[in-house]
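In the numbering used here, the protein residues as written are 84 to 449. Glycine included, C-beta positions come from ideal geometry on N, C-alpha and C. Please read all numbers here as calculations on a predicted model, not as lab measurements. The structure under discussion appears below in the form of structure tokens.
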């Protein structure tokens, strides 16, 4: 069946239907990873976005039961050059196409993804629609949709009620299943399960709280530290979480990841800005300005910290991206708070930054 990718400016690319029939809207972004498509499909930070994979063949190892980062598909749709019809892997349970059909996700394959990626790199991300029907009708519907920047996606991906995560995954909130080195409260703006798994791997129990939690509600759980989670959208649209972080500063150790990095920035008085096409991939080099070391990182974000706005806030830049010089980490030393823009849990991606979980746990003891 014929399908179409239609952009906000009216430009369109033909392809073939992938996934469930229908129409799907979102901000069109690209991911450069060669593997990890299942983790991308379940990453809450992609809520409201159409993800184009630049690697030409997606789905060759199928979909399994173990590599999800949340309980549902998070992007609005995906765009691929070719979806593998016959995946080969001992863990595979179904093909990418069947998985998208089962989850009701309208997508497209057979698109010239190289040309579309060049368009995004040259002109920036844009709203788009995928349709398995009439492209003119889809374009008209797209014009009536609010833009990605006008929508707050965090309430859609944050937990509605607190839950706990331990050695065996989700566990009873008030009855830990083992002995833990520490407890960390997670302000959930779209946390990935592998972040919780990595904390469990270093002996930490996490209590995941709704994004709307106040500082008093966070501290009521008597945690040893607080994680500011990743998540989708513009951090400037999150005054509640920013106020919570501001009230927590100086009272408890804090680690921010991705969106959490931006929340910490805003909590001390800094600002963020939207990048032309963001960082979405698994090979971004980051330099630690204190150690002089370089780490290869997994990233997924469309906003960045404006370093000039941190002057006089008590925060300092600790890490920079070696590709474009953007801020990749900050620290508020007196408040025992630090954050990084990339994903140390690396699902998918390299494991170079995993020691940050142990580093944070050690900071809880000081």
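Boundaries (first-last residue) of the alpha helix (DSSP H) holding residue i
i: residue 173; result: Premise fails: residue 173 is in no alpha helix (DSSP H) and is neither H nor E.
i: residue 442; result: 438–448
i: residue 323; result: 322–331
i: residue 301; result: 298–302
i: residue 221; result: 218–226
i: residue 185; result: 179–185
Residue burial classification, residue i (beta-carbon count within 10 angstroms, cutoff 16)
i: residue 257; result: exposed
i: residue 402; result: buried
i: residue 139; result: exposed
i: residue 93; result: exposed
i: residue 180; result: buried
i: residue 430; result: buried
i: residue 111; result: buried
i: residue 85; result: exposed
i: residue 356; result: exposed
i: residue 229; result: exposed
i: residue 283; result: buried
i: residue 173; result: exposed
i: residue 143; result: buried
i: residue 394; result: exposed
i: residue 312; result: buried
i: residue 198; result: exposed
i: residue 322; result: exposed
i: residue 398; result: buried
i: residue 260; result: exposed
i: residue 281; result: buried
i: residue 226; result: exposed
i: residue 255; result: exposed
i: residue 404; result: buried
i: residue 119; result: buried
i: residue 317; result: buried
Helix, strand or coil at residue i [DSSP, three-state]
i: residue 460; result: The question about residue 460 has no answer, for the chain in this structure spans 84 to 449.
i: residue 277; result: helix
i: residue 109; result: strand
i: residue 243; result: coil
i: residue 197; result: helix
i: residue 378; result: strand
i: residue 203; result: helix
i: residue 157; result: coil
i: residue 343; result: helix
i: residue 128; result: helix
i: residue 398; result: coil
i: residue 351; result: coil
Bridge partners - residue i, DSSP secondary structure assignment
i: residue 293; result: 271
i: residue 97; result: 87
i: residue 117; result: Residue 117 is not bridged to any residue.
i: residue 386; result: 357
i: residue 308; result: 267
i: residue 426; result: 381
i: residue 404; result: 369
i: residue 421; result: 338 and 414
i: residue 451; result: Here the chain comprises residues numbered 84 to 449, so residue 451 is not present and cannot be evaluated.
i: residue 192; result: 99
i: residue 288; result: 266
i: residue 450; result: A query on residue 450 cannot be resolved here, the shown segment of the chain reaching from 84 to 449 and no further.
i: residue 393; result: Answer by DSSP bridge pairing: none, since residue 393 is not bridged.
Start-to-end residues for the beta strand (DSSP E) that takes in residue i
i: residue 371; result: 355–371
i: residue 415; result: 410–415
i: residue 136; result: 132–136
i: residue 212; result: 209–214
Closer than 9 Å to chain B by CB, residue i
i: residue 89; result: Although the question refers to chain B, the structure presented lacks it and comprises just one protein chain.
* Asked: Hey, is the stretch 320–336 in contact with the stretch 413–431, meaning 3+ C-beta pairs nearer than 8 Å?
  -> yes
* To do: Evaluate contact between the stretch 164–174 and the stretch 200–211, counting only Cβ atoms and requiring at least three cross-stretch pairs below 8 Å.
  => no
* At least 3 beta-carbon pairs within less than 8 Å: the stretch 267–283 vs the stretch 230–245 -> The count of Cβ pairs closer than 8 Å, one atom from the stretch 267–283 and one from the stretch 230–245, reaches three, so the stretches are in contact.
* Asked: Does the stretch 434–441 come close enough to the stretch 376–391 to have 3 or more Cβ pairs within less than 8 Å?
  -> yes
* Answer yes if the stretch 180–187 comes into contact with the stretch 92–112, meaning at least three C-beta pairs across the two stretches below 8 Å, and no otherwise. => At 8 Å Cβ cutoff, the stretches touch.
* Give a yes or no on contact between the stretch 362–369 and the stretch 381–399, applying the rule of three or more CB pairs nearer than 8 Å. => yes
* Asked: Touching or not, the stretch 207–215 and the stretch 105–121, by the rule of three or more beta carbon pairs under 8 Å?
  -> yes
* Asked: Between the stretch 217–225 and the stretch 250–264, are three or more C-beta pairs nearer than 8 Å?
  -> no
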